[in-house]
Amino acid sequence: MNRWVGIVSLRETAPPTPLHRIALAIEAARNRTSYQVAGLTVSYGRMRSALRVLAQEHARHHDWGRYTYCVDLAGDFFDGGHPPTGIPSWLTNELQKLLGHGSGKRPKGGRRGPAASRRHGSVATRASRNASAVTARSARSTSLPTGRAPLPKPVRPFSRAERRLDVHDVAYPAICEPPVSLVGTYGEVVRAIVGKAVRGWEAGPEVTAWLGLAAEHRSHLYETHYADQVTPHVLGMLDRLGATALDVILLDAYARWATPRKVGEQSSEHAGRRSAAGIALGGWVSEEGLVRMGAGEAQQPARSVFEGVARQILGVLSLCGEHEIARRLVASVWPDLDRPSVESGADPVTLAQTAFRKEGLMYDCEAEGPDHRKVFRAIVRTGTGRKAEGTGRSKKAARAAAARALLDAYPQVVSTAGVERKAASVALPVASPLPYAQPGNRHRDAVSDLAAMFELGHRADGLLAQALTHVSWVYENQAAATAACQRDNHLLAHHGSHVVNHLAAHVRVRQALAHSLTPDEDEARVLTASDDDTARLGATLQLAEGLLTSRGESGQGRAAVSDATQAVVAVAWRLHGPRLLGRRPVVLEDWLSSLEHQHDPVTIVAAMATTYGIDHDYTYDVSGPDHLTSFTATIELRDAQDRVHWWTERLPGTSGKAQAKKATAEAIVDVLTAPVNGVVDDLPAPERDLLAFLLRAQLDGLGRPTERQRTRMLARGDLGTDLLTTGDTEAFLAWAERVRSLLGPDFTAVPGVLRELYRKVLDDSRTGPRSLLRRMAVDPGLGAAGVIRRNAAIAVQRALSSGPQAASVRDIVQGWWRDQAPATGITVRDDMGQDAFWPLPVHLGALDETLTWCGEAAEAADTRIDVELTIRDGTLHVLLSLDKVDVQAACNDFARLLSHTLPYTDCLVGEDHVLLRLHGELSTVPLPPLATAGMDAYVSGPSDRRPDEDIAVVPIGGTEE
């Protein structure tokens with residue numbers, strides 16, 4: 001039975017058209033080389049380049065949906081193609097920003113090329129990175145001498161800063177439900193135990209199911225074979241969210257009764273309290289038997305297993321909006337939450353040494369258990385025979401436990417020796433901070449705007465004033481600070497840093513778990529907000545305008561703005577608490593949504609070095625006086641061939657060690673983009689040398705990456721892989737030529753692993769799990785559109801994998817005519833003459849499947865089909881005209897998939913016809929080795945996967961010679 005019956009829709013018969021319509025179709029296709037977007041006329045080549053840039057940006061943000069959309073769309077921009085006109089608004093806006101500020105050479109579009117190459121080369125311009133690279137080089141060339149402070153800026157007349165004050169309720173997407181077959185009714189068990197601890201709590205079905213999942217250990221997921229439905233990364237995200245929630249809960253309680261003098265005291269106290277609370281929570285989980293772990297792990301579980309599950313439970317409570325229940329749970333399990341901890345900050349080993357100094361102490365320590373789960377047992381003895389013992393996961397912890405046990409066992413000795421086991425020092429209550437009497441207009445306006453923005457009212461004016469007080473201002477204005485009961489913002493900033501991390505983790509985990517329960521490592525990564533991130537939020541809030549600083553401090557520095565930003569968020573949290581999780585200023589919400597949970601440049605360089613076998617190390621030079629110390633970082637790179645290269649990046653002004661290290665790593669990442677940006681010729685000699693070294697190191701150190709590693713390499717555009725997978729062979733040839741000029745004439749041998757890499761990434765993009773073909777094959781639609789997509793996937797897969805066993809184009813057409821003529825009226829016009837056509841192995845399969853597809857559509861519509869064939873400039877053009885058939889509805893998906901999947905194959909759909917273009921004229925002019933490796937991989941199919949195999953081509957169209 002014809003698969004098209006009931007699917008193909010009819011259209012009104014078009015008026016008669018002249019013969020040789022193929023000439024008109026070819027000419028119309030040749031004229032389609034540019035695209036209209038946001039009022040700009042953009043060439044197809046430039047659109048491909050821009051879409052690849054945007055795809056990589058979305059990959060950096062782990063937005064794989066938009067990444068895939070951009071990559072798929074880039075494949076639609078071949079010369080003569082019909083790219084969709086209704087692209088989404090988000091992409092239109094991104095293209096407008098990128099193309100509107102583009103610079104550099106405009107790439108040439110088109111898939112056809114001159115005889116000198118398989119396809120003519122073009123420059124794949126990445127405008128934004130090109131511009132940023134030039135800007136960076138300009139900044140480096142005009143940098144100030146290291147250690148010299150920047151010149152003071154002229155005094156500006158006062159003008160009120162315009163801040164965005166609107167607030168909105170956060171609308172979170174619904175999170176996925178854990179598999180019932182995994183959690184079963186265990187969530188009710190966990191809910192009951194938590195309810196008992198908090199003395200009453202009614203939980204809904206969502207939080208109950210997630211509590212059942214929170215009790216899982218990754219070993220149980222693997223043993224029960226559920227790791228493919230819920231990856232262990234989900235548990236890691238819950239753990240991370242629970243850890244940030246615990247930090248905030250502890251600091252909230254600490255701020256109610258303690259007023260430390262310095263931020264170091266608060267940080268040290270918080271670390272001790274966090275450790276004690278973690279141990280208590282882990283003990284509670286262990287006593288209640290909440291953990292579901294694998295048989296091997298259950299034999300001798302480590303303490304970290306129970307503490308991790310406790311954090312996962314806190315993470316679920318925070319995720320589901322039960323922050324108060326999480327706080328009550330911590331208070332119930334660890335009574336020291338709202339009071340100073342016993343012996344907080346005291347070192348029991350030191351106390352015992354002081355108390356028993358006349359008797360003398362001696363420690364013996366032994367290890368028990370396997371290497372990966374050792375437990376240390378320490379015994380402490382005095383000279384008079386007293387002893388005690390303790391255990392811990394390290395020798396230090398075991399000695400501390402033994403010393404603590406000795407102190408507890410002999411309190412009279414401790415008292416006699418005059419050793420005071422005191423709790424943390426708690427300052428007497430102090431007056432609440434007040435607004436300054438004469439703060440200045442900018443500071444006053446900033447406090448007023450922030451109070452309105454966070455809906456704090458005037459009750460927070462004093463704390464907001466403290467949040468905008470730099471330590472240098474307090475030093476110069478002691479009297480004003482004392483009169484207002486004020487201090488600098490360091491304590492608030494420390495508290496706010498943990499609040500910011502909790503808000504960021506909450507948003508990140510909600511977004512990830514709303515998408516799926518199977519995130520990979522990158523999608524599940526939850527990083528802390530850096531000073532650069534919080535300084536960026538502070539710049540949006542214009543905090544520098546209202547920050548009180550000394551006469552010698554500008555207030556514009558990254559650290560100063562970052563501290564002020566964190567302090568402001570801490571003030572809002574202290575007054576509103578978890579309300580900020582559901583209602584917050586739009587500025588804060590936009591910032592949280594835009595956070596990049598990705599590795600910093602230092603980690604990116606480290607990952608690249610690991611992938612390509614490059615050893616690297618950083619050294620630092622220190623310059624400038626003590627109060628203006630500046631660091632300069634130098635990275636030493638040693639590749640697999642033991643070649644060494646050094647690179648130093650100098651920053652203007654003063655810079656810290658971390659900032660210098662980041663700048664050097666960022667320069668490495670920027671230089672690597674030069675061959676794709678097309679700015680190689682503009683690079684200074686040192687940067688060209690660095691780029692040549694890095695490319696050689698990548699080529700010499702490339703191993704055999706896994707599928708996941710190939711996906712990441714493709715998303716970064718390593719070694720031109722993204723150019724090949726989007727079908728932009730012109731840009732790839734241009735990239736290969738630029739790389740050849742960098743590596744020099746002695747680069748003649750392409751590693752076999754690089755050839756394999758090109759073949760595998762092309763297989764991944766054509767038939768892999770995330771390919772367009774695979775997505776069409778599993779289209780869930782039940783209507784005609786879904787059936788067409790699934791049929792198209794089958795047909796294209798057949799064309800790609802094998803193809804018919806025929807000798808020529810005419811053999812294909814004749815065989816199809818014999819099968820189709822009894823059911824459909826057919827007219828075939830052959831204008832190929834004796835012109836030679838050199839096809840790829842997949843071309844005959846593409847022709848056969850296209851004829852079959854259109855023939856079945858015509859048969860289902862009970863209409864005729866006209867076929868015209870001609871060869872122009874080595875390209876076979878096949879026009880299939882269909883009357884009464886809605887050609888676009890019937891053939892669009894097939895044509896798009898065929899064009900995306902098969903090399904040098906374009907399928908264009910018109911109103912009443914399909915135009916198949918098979919570009920078969922492959923140049924006999926030898927290409928450079930790197931270009932040859934990529935092009936050989938591009939033209940081969942899945943059935944041609946033998947290393948270094950030459951692709952046989954046969955002249956078809958005339959007589960074979």
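Here the sequence shown is numbered in the numbering used here, starting from 1 and rising by one per residue.
Beta carbons are placed, not taken as given, at the ideal position from N, Cα and C, and that holds for glycine.
Keep in mind that this is a model prediction, so the values were computed, not measured.
Subject >> 6 angstroms CB neighbourhood of S286 in its chain, flanking five on each side removed >> reply: Here the set comprises F306.
Original post:
Which of the three DSSP states, helix, strand or coil, is assigned to G656?
Top reply: Coil.
Original post:
Near G289, which residues of its chain fall below 8 angstroms by C-beta distance, leaving aside the five closest residues on each side in sequence?
Top reply: Nothing meets the Cβ criterion.
Subject >> Continuous alpha helix (DSSP H) stretch holding V413: start and end >> reply: Per DSSP, the unbroken alpha helix (DSSP H) holding V413 starts and ends at 411–416.
Original post:
Taking C-beta to C-beta, are E589 and V170 nearer than 8 angstroms?
Top reply: In this structure, the beta-carbon distance from E589 to V170 falls below 8 angstroms.
Original post:
When DSSP labels each residue in this structure, what does V230 get in the three-state scheme?
Top reply: Per DSSP, reduced to three states, the secondary structure at V230 is coil, with no helix or strand assignment.
**OP:** Count the other CB atoms, across all protein chains shown, that sit within 10 Å of the CB of G620; report buried if there are 16 or more and exposed otherwise.
**Re:** Per the sequence shown, the amino acid found at residue 620 is Tyr instead of Gly. That one is exposed.
Original post:
In its own chain, which residues sit with a C-beta less than 7 angstroms from the C-beta of Q641, not counting the 5 before and 5 after it?
Top reply: Around Q641: D700.
Subject >> Rounded C-alpha distance that separates L915 from P926 >> reply: Distance between the alpha carbons of L915 and P926 is about 31 angstroms.
Original post:
For T384, which residues from the same chain have a beta carbon less than 8 angstroms from its beta carbon, with the 5 sequence-adjacent residues on both sides left out?
Top reply: Taken in chain order, the residues that qualify are E359.
Original post:
In the DSSP assignment, what residue or residues form a beta bridge with K387?
Top reply: Beta-bridge pairing links K387 to R381.
Subject >> Where I871 sits in the DSSP three-state scheme >> reply: The answer is strand: DSSP assigns I871 an E or B state.
Original post:
Are there three or more Cβ pairs, one per stretch, closer than 8 angstroms when the stretch 538–550 is compared with the stretch 445–456?
Top reply: Enough Cβ pairs lie closer than 8 angstroms, so yes.
Original post:
Is the beta carbon of G392 less than 8 angstroms from the beta carbon of H470?
Top reply: If you check the CB distance, G392 and H470 do not come in under 8 angstroms.
Original post:
To the nearest angstrom, how far is it from the Cα of R126 to the Cα of D600?
Top reply: Note that R126 scores a pLDDT of 32, beneath 50, so its modelled location is shaky; the value from the coordinates is reported in the next line. Between the alpha carbons of R126 and D600 lies a distance of about 21 angstroms.
Subject >> Candidates Y363, V842, A276, G315, of which the one nearest W962 by Cα >> reply: Absent from the model: residue 962. The displayed extent of the chain is 1 to 961, so no value can be given.
Subject >> L773: first and last residue of the uninterrupted beta strand (DSSP E) it sits in >> reply: Looking at the DSSP string, L773 is not in any beta strand (DSSP E); the run it does join, the alpha helix (DSSP H), is 772–777.
**OP:** Using DSSP bridges, identify the partner residues of D819.
**Re:** DSSP lists no partner for D819.
**OP:** Decide yes or no for the touch test of the stretch 77–85 against the stretch 28–39: beta carbon pairs closer than 8 angstroms, at least 3 of them.
**Re:** Between the stretch 77–85 and the stretch 28–39, the count of C-beta pairs closer than 8 angstroms reaches three or more; the two stretches touch.
Subject >> Given Q96 as reference, the closest of G39, R160, L683 once Cα atoms are compared >> reply: Considering only alpha carbons, the answer is G39.
**OP:** Between the Cα of A460 and those of S89, W573, P745, W201, spot the shortest distance and give me the residue it belongs to.
**Re:** Closest option to A460, Cα to Cα, is W573.
Subject >> K661, buried or exposed, once every other Cβ within 10 Å from all chains shown has been counted against 16 >> reply: With at least 16 other beta carbons inside 10 angstroms of its own, K661 counts as buried.
Original post:
Roughly how many angstroms separate the alpha carbons of F747 and E666, rounded to a whole number?
Top reply: Looking at the two C-alpha atoms, the distance is approximately 28 angstroms.
Original post:
Is G109 buried or exposed, if buried means 16 or more other CB atoms sit within 10 Å of its CB?
Top reply: Confidence is the limiting factor: at G109 the pLDDT is only 35, short of 50, which leaves the residue's position unreliable, though a coordinate-based value still follows. Its Cβ being crowded by 16 or more others within 10 Å, G109 is buried.
**OP:** Please list, in chain order, all residues of the same chain as P179 whose beta carbon is under 7 angstroms from its beta carbon, the five residues on each side excluded.
**Re:** Setting aside the 5 residues that flank it on each side, P179 is surrounded in the same chain by Y226, Q229, V230, each with a C-beta closer than 7 angstroms to its C-beta; the list follows chain order.
Original post:
Just how far apart, CA to CA, sit L238 and I87?
Top reply: Here the alpha carbon of L238 sits roughly 36 angstroms from the alpha carbon of I87.
Original post:
How should E162 be labelled, buried or exposed, when 16 other C-beta atoms within 10 angstroms of its C-beta is the threshold for buried?
Top reply: The residue in question, E162, is exposed, as its Cβ has fewer than 16 Cβ neighbours within 10 Å.
**OP:** Write down the C-beta distance between K253 and W284 rounded to the nearest angstrom, noting that I regard them as a contact closer than 8 angstroms.
**Re:** Strictly speaking, residue 253 in this sequence is Ala, with Lys absent from that position. Between W284 and A253 the Cβ distance is about 18 angstroms, and since that is not below 8 angstroms, they are no contact.
**OP:** Would you mind sorting E911 into buried or exposed? The rule is 16 or more other CB atoms within 10 Å of its CB.
**Re:** E911 is exposed by the Cβ-count criterion.
**OP:** Identify every run of the alpha helix (DSSP H) within the stretch 843–903, keeping only runs that are complete inside it and at least 4 residues long; order them along the chain.
**Re:** For the alpha helix (DSSP H) assignment, the uninterrupted runs of no fewer than 4 residues enclosed by the stretch 843–903 are, from N- to C-terminal side, 887–901.
Original post:
Taking Q698 as the reference, which of E206, M608, M293, R21 has the closest Cα?
Top reply: When only C-alpha atoms are compared, the closest one is M608.
Original post:
Taking the beta strand (DSSP E) that P585 falls in, what are its first and last residues?
Top reply: From DSSP, the beta strand (DSSP E) with P585 extends over 583–585.
Original post:
If you check the beta carbons only, do L695 and L743 fall under 8 angstroms apart?
Top reply: With respect to the 8 angstroms criterion, L695 and L743 are classified as neighbours on the basis of their beta carbons.
Original post:
When the Cα atoms are used, what is the spatial distance from G577 to Q709?
Top reply: Answer to the nearest angstrom: the Cα atoms are 41 angstroms apart.
Original post:
Does the pairing of the stretch 493–500 with the stretch 255–273 give three or more beta-carbon distances under 8 angstroms?
Top reply: They touch, by the three-pair rule.
**OP:** State the start and end residues of the unbroken alpha helix (DSSP H) segment that holds T208.
**Re:** DSSP places T208 inside the alpha helix (DSSP H), whose first and last residues are 205–214.
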